[in-house]
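Here is the structure we will look at, set down as structure tokens.
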């Protein structure tokens with residue numbers, strides 16, 4: 093077994109969770125414990141628990157309507173959970189705003205692309221860099237020297253991130269004019285600009301052709317290896333999920349029905365039934 097595949101092997105923690113072997117001696121970046129949320133008497137997510145290692149690429153899968161995006165909304169505090177707790181890098185996120193949780197180290201993309209389509213590619217990334225801008229609003233308004241210095245530094249960082257995705261030459265283009273795949277990449281760049289410890293990707297391969305999906309897989313690996321962060325993705329493309337994720341959590345009707353490695357998930361009868369339906373006779 094190669095060192096790379098060995099480091100990706102899931103190993104148990106004392107809490108009965110599993111993380112990649114390379115992360116076993118580090119505190120998990122994300123711990124969701126018994127999360128649940130009700131909407132008007134309807135339980136959308138119930139008893140959801142998940143632990144993610146500090147450099148893990150993890151997948152959250154399930155049939156349409158299983159509650160996956162609701163889980164993302166809970167993890168980013170778009171929704172406050174009815175039950176349970178979320179620890180991000182050891183800190184409880186209870187009562188925090190979405191902006192505060194983002195500053196704590198969690199960033200996300202969306203199933204439906206949410207770029208500032210009329211703004212330039214560069215300006216979209218600069219929006220993400222606001223967490224690192226140190227000068228106050230007065231300096232921003234008056235363009236004092238300190239702010240100009242920070243602005244120059246931010247633009248350099250934005251171009252560096254764009255270059256990572258081979259998009260620096262598109263910096264002055266209008267975001268909404270980019271091809272679909274490039275818009276997807278730009279949304280990921282903007283998420284990375286917030287300097288996260290974990291990025292949540294909501295169906296990043298949606299609408300992509302096979303070559304774009306292959307490039308996306310390589311980019312996700314590069315993000316993990318270069319920035320040394322964790323990635324949790326929702327995705328319906330099972331080739332992508334099975335090809336890149338180390339740990340996979342499966343939701344159905346708001347409940348976790350399986351957790352494990354890609355090999356374990358592919359062979360799990362409950363997962364097969366959830367996707368294909370029960371065979372009669």
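In the working numbering, the protein residues as written are 93 to 373.
Every residue gets a Cβ at the ideal spot worked out from N, C-alpha and C, and that includes glycine.
Remember, it's a predicted structure, so these values are computed and weren't measured experimentally.
- For residue 303, the enclosing alpha helix (DSSP H) stretches over residues 302-319.
- Listed in chain order, the beta strand (DSSP E) runs fully inside the region 157-245 are 175-180, 198-200, counting runs of at least 3 residues.
- Distance from the Cα of residue 342 is smallest, within the candidate group 307, 137, 253, for 137.
- The residue from 181, 114, 154, 155 with its alpha-carbon nearest to that of residue 148 is 114.
- Here DSSP, grouped into helix, strand and coil, assigns residue 256 to helix.
- By the Cβ rule, the region 242-253 counts as touching the region 207-221, because three or more pairs are nearer than 8 Å.
- In the three-state DSSP reduction, residue 354 falls in the helix class (H, G or I).
- Taken through DSSP and simplified to helix, strand or coil, residue 123 comes out as strand.
- With respect to residue 207, residue 274 sits apart: the two C-beta atoms are not nearer than 8 Å.
- With contacts defined as CB atoms closer than 8 Å, residue 321 and residue 288 qualify as a contacting pair.
- Of the candidates 180, 281, 194, 179, the residue whose Cα lies closest to the Cα of residue 170 is 194.
- A Cβ-Cβ separation of about 7 Å places residue 254 in contact with residue 213 under the 8 Å criterion.
- Residue 115 sits in a helix when the DSSP states are folded into three classes.
- The region 353-368 makes no contact with the region 171-185: fewer than 3 CB pairs, one atom from each, lie closer than 8 Å.
- Under a 10 Å Cβ-count criterion, residue 314 is classified as exposed, with fewer than 16 other Cβ atoms of the shown protein chains found around its own Cβ.
- For residue 324, the uninterrupted beta strand (DSSP E) segment begins and ends at 322-326.
- Less than 8 Å divides the Cβ of residue 109 from the Cβ of residue 143.
- Per the coordinates, the alpha-carbon of residue 347 lies some 16 Å from the alpha-carbon of residue 167.
- In the three-state scheme derived from DSSP, where H, G and I count as helix and E and B as strand, residue 331 is classed as helix.
- Residue 128 sits in a strand when the DSSP states are folded into three classes.
- For residue 151, the uninterrupted beta strand (DSSP E) segment begins and ends at 149-153.
- The residues 100, 112, 148, 149, in chain order, have a CB closer than 6 Å to that of residue 338 in the same chain once the five nearest residues on each side in sequence are set aside.
- For residue 283, the enclosing alpha helix (DSSP H) begins and ends at 272-284.
- For residue 277, same chain residues with a beta-carbon under 6 Å away, outside a window of 5 residues either side, are 257 in chain order.
- Considering only 161, 191, 271, the residue with the shortest C-alpha distance to residue 209 is 271.
- Under the three-state reduction of DSSP, residue 136 is assigned to strand.
- The beta carbon of residue 155 is closer than 8 Å to those of 344, 366, 367 in its chain, skipping five residues each way along the sequence.
- Sequence-distant partners of residue 161 (beyond 5 residues in either direction) whose C-beta falls short of 8 Å from its own C-beta, in its chain, are 203, 294, 326.
- With a threshold of 16 other beta carbon atoms within 10 Å, residue 279 meets it and is buried.
- Rounded to whole angstroms, the gap between the alpha carbons of residue 190 and residue 351 is 27 Å.
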